[in-house]
Structure formats: C-alpha cells, structure tokens
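Only one structure is covered here, and it is reproduced in the block below.
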C-alpha cells in the first residue's frame, strides 16, 4: 500500500484504535490492527507494529498481550475504570440542575473514555428522559461565568425567575437586575446554588443557578469578603433546609428512634443525642423557614419541636391550618 498523507499520524490512530476497540475482554491481533489502520489509509507492517506498540507503552499506554493460539493486544486500563464511569453517569442522570439535552451530551463524552464495548454498558444505563431535569439551557454558561467572576473578583448581574402554576417563568422583582458579589458554588439536594453577597441588603444570600437568566459580569469589584470568610459552608448547608433562608435559631427536637439514620444523614454525626427510650432528643441550629416546618411535619408524630416555644407554637398553628384546609366534611 503506498504511503498516504495520514502515515505521519500512524501512532495517533493506533492509540485511538486501542482505546476505542480493546479492553481486557476484547483483544486484537496484529492483522486486525493493520486492517484497522488501513481504514485510515495507513500502511502497517508486522515489524513496524511491534515498534509502534512499544512506543505507545513508553508513552504510557497500558498495552497488554495475550499469548494463546494467537498473539493479541489490548489496553489493560483506561484513565477511568468502568465502575467509575458508571458512577459519573449516575451523577449526571440524577442531577436536576443539568438539562436533559446537556445530560445526554455529557454521557456521550463519558462513553468516549472507555472502549466501545464498555460504552454499550453505559448506554444501557441511560434513562435520562424519565428523570426530573432543569429546563434552563443557560446553566453551564452561568456556572462558567460565575467561576470567572470569582476568579476576576467581579460582581455579576442577572435576572431571577420562579415557576408559575402554568409552568411559565415569572421574573422576580418585576424583572429587575440582581447585582451580586459571587463567592462560592454549592450543590444541595441535587440543585446548584451560588452563595453571594447582596450589597443592598448587606447580607449573604443564595440563588439557584438554573433560575438565573441573562447573566453577565459587572465591572465593579466584589464586596462581602469579611462576611464570607466567617461562613462555615458545611454548617451553612446543614442549617439552610432546601436553601430557603430564614431566622437562624437553635431548635431542640424530639424524634422517634427509627429516625436516627434520617437525622444523622441530615445533620451529621457531630450532633449530641440524648436517648429517652423509644425517642431521642438533640439540639441543632437551623434556618426557621417554611421548608423547615415542612420537614418537621412531614414525619407526623415522629418529630416534635421541644423548644423554643414560638417555633413549637408555629408548628401547631400550621398543623391546625392544614386540618382546616380540608374542612370537617373531609375528616
């Protein structure tokens, strides 16, 4: 076969063939490797392939050999193990802040990090269309812009929306521009949030990244460095239920012992638990918000607010409001 213009790319194409077409269960003979290179109009003699394979090994490609009836070669390890890629695919699938379109795009790229045979296993794992997903395709641009703003110490501007019962976007503050100093990005309850300083309110706030629209960087420098430096992000995530803010307060809760795992998953192992037979009590600092009350009431009589009194009274009021909403005829 006469040499083509692709001949200088021989090692690159051979590397691709190994990575895409071989693994521990699928090896190739020198003849099969030569035929695969021929599809790229590259000639390869047996002796030259020995040298090429050794060169790829020196470069760092883990090429292994099987010697039985035929001598066959394969890549023993890729940059990612199949189990690791499955884990990443699961993370992409379950992330609500990643749109369905972007999820499928990311998974296709993950499939390119293993052989085509292993990629088939990842593909069978894909069920993105049935998952709850964000609808804002701007989210990846938003994340990139926020990272840039943090790196360049600049504020960001954006509009913020919420969903209506008609499944339409309604801009908050009648479409006014939010001008915020971004300090961190955090992932909570499968959603992406930005922690930023609101100079007008002189406090730190959090915003769902997938609810930001028309985001761009402002020319002015960030503010709120002192407030953010005093913030413990781990504690902040525990305190802010579902990232809905409210008054920060120490609350003592009494729980059924069956909820020990739920409580530890939510608040961590640092909480001090006092056992009382079939129930246990602990004190935790949380943001008093509708989301917190919903969490407490969601467990029925298995969770009870012990103190402070005004929080316990508010839980009682909400419970009565729920009963009243159904009316006597519904009971």
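Residue numbers (the working numbering): -13 to 317.
Glycine is no exception: its CB is placed at the ideal position from the N, C-alpha and C atoms.
According to DSSP, residue 234 shares a beta bridge with 273. Here DSSP, grouped into helix, strand and coil, assigns residue 63 to coil.
Ranked by Cα distance from residue 233, the options 164, 96, -8 and 278 are led by 278. By the C-beta density criterion, residue 168 is buried, having at least 16 other C-beta atoms within 10 angstroms. About 11 Å separates the beta carbon of residue 268 from that of residue 245, a gap too long to meet the 8 Å contact definition.
DSSP places residue 101 in the coil class of the three-state scheme, outside both helix and strand.
The secondary-structure analysis by DSSP pairs residue 53 across a beta bridge with 57.
Taken in chain order, the region -11 to 20 contains no complete beta strand (DSSP E) segment of 3 residues or longer. Nearest C-alpha to residue 11 among 284, 148, 63 and 260: 63. Assignment of residue 166 by DSSP, reduced to helix, strand and coil, places it in the strand class. In this structure, residue 202 and residue 193 do not form a Cβ contact; the two beta carbons are roughly 15 Å apart against a cut-off of 8 Å. Excluding its 5 nearest sequence neighbours in each direction, residue 261 has C-beta neighbours in its own chain below 8 Å: 243, listed in chain order.
Per DSSP, residue 289 is one residue of the beta strand (DSSP E) stretching across 289 to 293.
Taking C-beta atoms under 8 Å as the contact rule, residue 38 and residue -4 qualify, at a distance of about 7 Å. Close CB contacts of residue 258 within its chain, under the 8 Å cut and outside five residues either way in sequence, are with 268 and 269 (chain order).
Restricting attention to 87, 271, 16 and 189, the CA atom closest to the CA of residue 53 is found in 16. Taking the CA atoms as reference points, residue 75 sits about 11 Å from residue 107.
Bounds of the beta strand (DSSP E) holding residue 144 are 140 to 149.
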